[in-house]
Amino acid sequence: MAVLKVAKLGNPVLRQVAKQVDLKELSDQQGELQSFIDDMIDTMREEGGVGLAAPQVNRSLQIVVLEYENNERYPGESSIPVTALINPVLSDYSEEKDSGWESCLSLIDFRGLVRRSRSVTLNAYDREGNKIEKRSTGFEAVVLQHEIDHLNGKVFLDRMEDLTQLAYQEEFEEFWLKKDPVL
Ligand SMILES: [Zn+2]
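Residue numbering for the sequence shown follows our numbering, starting at 23 and increasing by one per position.
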């Protein structure tokens, strides 16, 4: 187990398009890539994130991990079992969108209101190299859009339509949380 250092906004690795994973590298269960995925999961849990993309731990590779269960930053959302996605791609973005307050381990002190498609189609591979295709909706769809943006050099700030709805976490809790139960 290892907790990796999280790259913060300003680190160029967050602005690069991440490289595709060679699926053959997944087949060695004791291999470096499998232990890197374990380290990503450890880091996400240690830092209290709902998702983490490899560029956020300084590896420009197309891997994201997700897990959600009663995270205090996102109370009341439905749970997501621990998942690793390799070379994930989204398509069929729904026209219906919802706004939600996002944060990011690479911009840890900020919250911003972002509009995202309510549902998306995910194509990816799991950590055993099996193909995944699923339609995802709600909170999971938002987390997928946020994390897969990282693989394309984007952060949630780039998706904001109105920067007056960007706040420090403390001010978010004081001025926005009670008025706006969007979360
Ligand atoms: Zn993020």
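Glycine included, C-beta positions come from ideal geometry on N, C-alpha and C. Values in this document were obtained by computation on a predicted structure and should not be read as measured data.
Buried versus exposed call for Thr65 [16 or more other C-beta atoms within 10 Å across all chains shown] = Reading the sequence shown from its first residue, position 43 is the one you call residue 65. Under this definition Thr65 is a buried residue.
Length at least 3, wholly inside the segment 79-103: the beta strand (DSSP E) runs in chain order | 85-90
Quick one, which of Gln52, Asp120, Gln191, Ser113 has its alpha-carbon nearest Ile170's?
-> Position 148 of the sequence shown holds residue 170. Ile170 has its Cα closest to that of Ser113, out of Gln52, Asp120, Gln191, Ser113.
Quick one: what does DSSP say Ala76 is sitting in, helix, strand or coil?
-> In the sequence shown, counting from the first residue as 1, residue 76 sits at position 54. Three-state result, Ala76: helix.
Can you give me the start and stop residues for the beta strand (DSSP E) that Gly134 sits inside?
-> Position 112 of the sequence shown holds residue 134. Its beta strand (DSSP E) spans residues 129-139.
What do you reckon, are the CB atoms on Val17 and Leu31 nearer than 9 Å?
-> Residue coverage of the chain in this structure runs from 23 to 205, which leaves residue 17 outside it and unanswerable.
Return the CA-CA distance between Gln78 and His172, expressed in angstroms with no decimal places.
-> As a position in the sequence shown, residue 78 is number 56, starting the count at 1. As a position in the sequence shown, residue 172 is number 150, starting the count at 1. In a straight line, the C-alpha of Gln78 is about 8 Å away from that of His172.
Closer than 7 Å by C-beta to Thr159: which residues in its own chain qualify, once you throw out the five before and the five after it? Chain order, please.
-> Position 137 of the sequence shown, counted from the first residue, corresponds to residue 159. Cβ within range, chain order: Arg140, Ser141.
Once you ignore the five residues that flank Pro103 on each side, which residues in its own chain have a CB closer than 8 Å to its CB?
-> The residue labelled residue 103 in the question sits at position 81 within the sequence shown. Correct list, in chain order: Glu89.
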